Amino acid sequence: MAKKALMVVSFGTTIPQARRAIEQVEQKLRAAFPDHDFYRAFTSGMVARKIEREEGIFIPSPAELLEQLAADGYDEVRCQSLHIIFGQEYEKLLAQLMPFHGRFARLLVGQPLLWDTADYLRLTRALLAEMPRLDTDEAFVFMGHGTDHPANAAYALVENCFRYHRAERVYVGTVEGFPHLDYVLARLDAHEVTRVHLAPLMLVAGDHAQNDLAGDGDDSWKSRLEGEGYTVETHLRGLGELDAVAEISADHCRAAQRMDGTYRAITGGRWSRPPVFLSQPRRQQEKLPKGYSRFHFPAKPVHLLGYTGSTREAGQTWTSKKPNGARRSSSAVRRPGRRNIGKRNTCARWRPACSGLSCAQC
Ligand code: CO
35 MAKKALMVVS
45 FGTTIPQARR
55 AIEQVEQKLR
65 AAFPDHDFYR
75 AFTSGMVARK
85 IEREEGIFIP
95 SPAELLEQLA
105 ADGYDEVRCQ
115 SLHIIFGQEY
125 EKLLAQLMPF
135 HGRFARLLVG
145 QPLLWDTADY
155 LRLTRALLAE
165 MPRLDTDEAF
175 VFMGHGTDHP
185 ANAAYALVEN
195 CFRYHRAERV
205 YVGTVEGFPH
215 LDYVLARLDA
225 HEVTRVHLAP
235 LMLVAGDHAQ
245 NDLAGDGDDS
255 WKSRLEGEGY
265 TVETHLRGLG
275 ELDAVAEISA
285 DHCRAAQRMD
295 GTYRAITGGR
305 WSRPPVFLSQ
315 PRRQQEKLPK
325 GYSRFHFPAK
335 PVHLLGYTGS
345 TREAGQTWTS
355 KKPNGARRSS
365 SAVRRPGRRN
375 IGKRNTCARW
385 RPACSGLSCA
395 QC
């Protein structure tokens with residue numbers, strides 16, 4: 035019988051408690067492939083060296099692990115990436131896999147977490163389901179990693195999928211790319227938010243989450259938001275702790291594609307020319323999760339939080355606390371719902387014939 039190995043590869047984290055997020059996904063993958071021997075690798079050499087120095091645990095790089103698996107006589111190696119986007123670390127993994135083409139009867143590699151549109155929709159839906167109910171002056175801000183790799187565009191799609199699920203005050207910023215925190219701050223300000231929830235959009239709540247997001251330093255997102263007068267609540271949980279993330283990874287692992295010898299990122303051959311293409315026939319049309327269609331908005335919001343509109347009645351006056359502590363009075367104005375669009379609008383803040391869609395005053 036063929037000797038099979040499952041290698042699960044992540045960036046890694048030096049913070050032992052944060053590693054449980056990685057372990058949770060690994061456990062589920064392990065359970066999904068019971069006839070494979072399980073192995074772990076980290077793409078970050080820096081993280082692996084620090085763990086070895088501080089904890090005496092050796093975690094191999096993908097190349098080191100593959101060398102060992104080849105020596106141990108494995109016929110088939112199935113490699114699943116736990117990277118979030120198809121960025122530098124994922125490419126680094128592919129580059130390390132490439133030379134091992136031919137050393138195994140089958141060398142398969144699975145896509146990172148956010149690949150097809152369906153993955154983004156599944157992830158954002160799962161995040162919304164876990165989210166506390168947001169009041170109209172509350173917002174939820176996710177911190178992604180960010181990169182100068184073109185895959186940085188993924189973060190904009192994550193935020194767009196929150197909008198697709200009708201989550202208005204849920205934002206995505208990144209530590210090392212765009213959108214940056216300043217852009218998130220500008221939008222919080224525009225939406226009269228006073229209370230902000232912060233959470234990492236990373237596999238683990240590791241170094242970035244502990245320091246750049248929730249740290250006490252002046253530069254942390256928490257400190258900066260508090261400095262602007264917001265009340266901040268942090269949710270330090272890695273994405274790996276969500277069942278949906280393990281499920282997406284397991285699906286990608288089942289659909290893992292065969293590596294051939296020419297460093298081909300596995301795009302299914304649909305979009306790219308070499309050096310990025312595929313050794314297998316064209317993949318099937320992208321499948322969206324149940325309840326979604328390519329062209330239609332969901333019939334009703336997937337998750338009705340407070341953000342679908344103001345709960346205040348037109349004409350009502352209330353006093354809200356601004357982030358800087360000042361109180362100011364406003365009077366309620368009904369934003370036009372879909373029904374109103376195109377009809378004459380008599381609201382005081384709008385010009386009489388405004389559709390509410392393009393008027394700068396609205
Ligand atoms: Co980083």
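Per the numbering used here, residue 35 is the first one in the sequence shown, and the count goes up by one each step.
Don't be surprised by glycine CBs; every beta carbon is placed ideally from N, CA and C.
For clarity, every value in this text was computed on a predicted model and none was experimentally measured.
Short Cβ contact (8 angstroms threshold) for residue i with residue j
{"i": "Leu273", "j": "Val279", "result": "yes"}
{"i": "Glu226", "j": "Thr181", "result": "no"}
{"i": "Arg292", "j": "Leu141", "result": "yes"}
{"i": "Val143", "j": "His231", "result": "no"}
{"i": "Ser115", "j": "Pro146", "result": "yes"}
{"i": "Arg203", "j": "Glu172", "result": "yes"}
{"i": "Thr268", "j": "Ala289", "result": "no"}
Cα-Cα separation, residue i to residue j
{"i": "Pro370", "j": "Phe196", "result": "With a pLDDT of only 45 at Pro370, under 50, the local geometry of the prediction cannot be trusted, and no value is derived from it."}
{"i": "Arg74", "j": "Leu259", "result": "37 angstroms"}
{"i": "Asn245", "j": "Gly251", "result": "8 angstroms"}
{"i": "Ile119", "j": "Leu148", "result": "5 angstroms"}
{"i": "Leu157", "j": "Gly90", "result": "35 angstroms"}
{"i": "Arg137", "j": "Glu110", "result": "10 angstroms"}
{"i": "Pro213", "j": "Glu123", "result": "20 angstroms"}
{"i": "Leu161", "j": "Gly79", "result": "30 angstroms"}
{"i": "Met132", "j": "Phe92", "result": "23 angstroms"}
{"i": "Ala201", "j": "Leu222", "result": "14 angstroms"}
{"i": "Glu57", "j": "His117", "result": "14 angstroms"}
{"i": "Gly46", "j": "Ser254", "result": "22 angstroms"}
{"i": "Ala55", "j": "Ala224", "result": "34 angstroms"}
{"i": "Gln102", "j": "Val43", "result": "15 angstroms"}
{"i": "Asp150", "j": "Thr208", "result": "21 angstroms"}
{"i": "Thr170", "j": "Ala188", "result": "27 angstroms"}
{"i": "Pro166", "j": "Ala220", "result": "23 angstroms"}
{"i": "Ile168", "j": "Pro50", "result": "What sits at residue 168 in the sequence shown is Leu, not Ile. Their Cα atoms are separated by approximately 32 angstroms."}
DSSP state of residue i mapped onto helix, strand, coil
{"i": "Pro309", "result": "Here the model assigns Pro309 a pLDDT of 33, short of 50, so the residue's position is not dependable and the matter cannot be decided."}
{"i": "His231", "result": "strand"}
{"i": "Glu172", "result": "strand"}
{"i": "Phe67", "result": "coil"}
{"i": "Thr265", "result": "strand"}
{"i": "Gly136", "result": "coil"}
{"i": "Ser283", "result": "helix"}
{"i": "Thr151", "result": "helix"}
{"i": "Gln51", "result": "helix"}
{"i": "Lys256", "result": "helix"}
{"i": "Met177", "result": "strand"}
{"i": "Lys37", "result": "coil"}
{"i": "Thr208", "result": "strand"}
{"i": "Phe72", "result": "strand"}
{"i": "Arg203", "result": "coil"}
{"i": "Gly144", "result": "strand"}
{"i": "Glu226", "result": "coil"}
{"i": "Val218", "result": "helix"}
{"i": "Val43", "result": "strand"}
{"i": "Arg83", "result": "helix"}
{"i": "Val192", "result": "helix"}
{"i": "Val59", "result": "helix"}
{"i": "Arg112", "result": "strand"}
Same chain only: Cβ atoms within 7 angstroms of residue i, ignoring 5 sequence neighbours per side
{"i": "Gln319", "result": "Summary for Gln319: the model assigns pLDDT 41, below 50, so the residue's position carries little reliability, and this model does not support an answer."}
{"i": "Gly107", "result": "Lys37"}
{"i": "Leu99", "result": "Met41, Tyr73 and Ala75"}
{"i": "Val266", "result": "Val230, Leu232, Lys256, Leu259 and Glu260"}
{"i": "Lys62", "result": "Ala280 and Ala284"}
{"i": "Ala52", "result": "Val238, Ala239, Gly240 and Gly272"}
Cβ-based neighbour list, residue i, same chain, cut-off 8 angstroms, excluding 5 preceding and 5 following
{"i": "Thr48", "result": "Val81, Lys84, Ile85, Glu88, Gly240 and Asp241"}
{"i": "Ile282", "result": "Leu147, Asp153, Arg156 and Leu157"}
{"i": "Tyr264", "result": "Leu222, Val227, Thr228, Arg229, Val230 and Pro357"}
{"i": "Ala139", "result": "Ala36, Asp109 and Glu110"}
Minimum C-alpha distance to residue i - residue among the options
{"i": "Thr77", "options": "Gln58, Ile91, Gln114 and Leu127", "result": "Leu127"}
{"i": "Tyr217", "options": "Pro234, Ala190 and Leu237", "result": "Ala190"}
{"i": "Ala129", "options": "Ala97, Leu40, Gly263 and Met177", "result": "Ala97"}
{"i": "Asp285", "options": "Gly261, Arg53 and Ala65", "result": "Ala65"}
{"i": "Ala39", "options": "Val59, Ala104 and Thr268", "result": "Ala104"}
{"i": "Asp69", "options": "Gln58, Gly79, Arg112 and Ala52", "result": "Arg112"}
{"i": "Asn186", "options": "Gly121, Leu237 and Glu262", "result": "Gly121"}
{"i": "Gly178", "options": "Ala289, Val206 and Thr151", "result": "Val206"}
{"i": "Val2", "options": "Ala188, Met41 and Glu60", "result": "Not covered by the structure: residue 2. The range shown for the chain is 35 to 396."}
{"i": "Cys398", "options": "Thr268, Glu101, Val266 and Phe67", "result": "This structure leaves residue 398 out entirely; the chain is present only between 35 and 396."}
{"i": "Glu262", "options": "Ala290, Arg229 and Gly249", "result": "Arg229"}
{"i": "Leu235", "options": "Tyr264, Glu193, Asp150 and Thr151", "result": "Glu193"}
{"i": "His183", "options": "Thr151, Pro166, Glu125 and Ala139", "result": "Glu125"}
Same chain, Cβ closer than 6 angstroms to residue i, five either side skipped, listed in chain order
{"i": "Lys377", "result": "Model confidence at Lys377 stands at a pLDDT of 35, short of 50, so the residue's coordinates are unreliable; what they give is reported in the following sentence. Excluding residues within five positions, none has a Cβ falling inside 6 angstroms."}
{"i": "Asp71", "result": "Ala39"}
{"i": "Leu276", "result": "Ala160"}
{"i": "Ala243", "result": "Pro234 and Leu270"}
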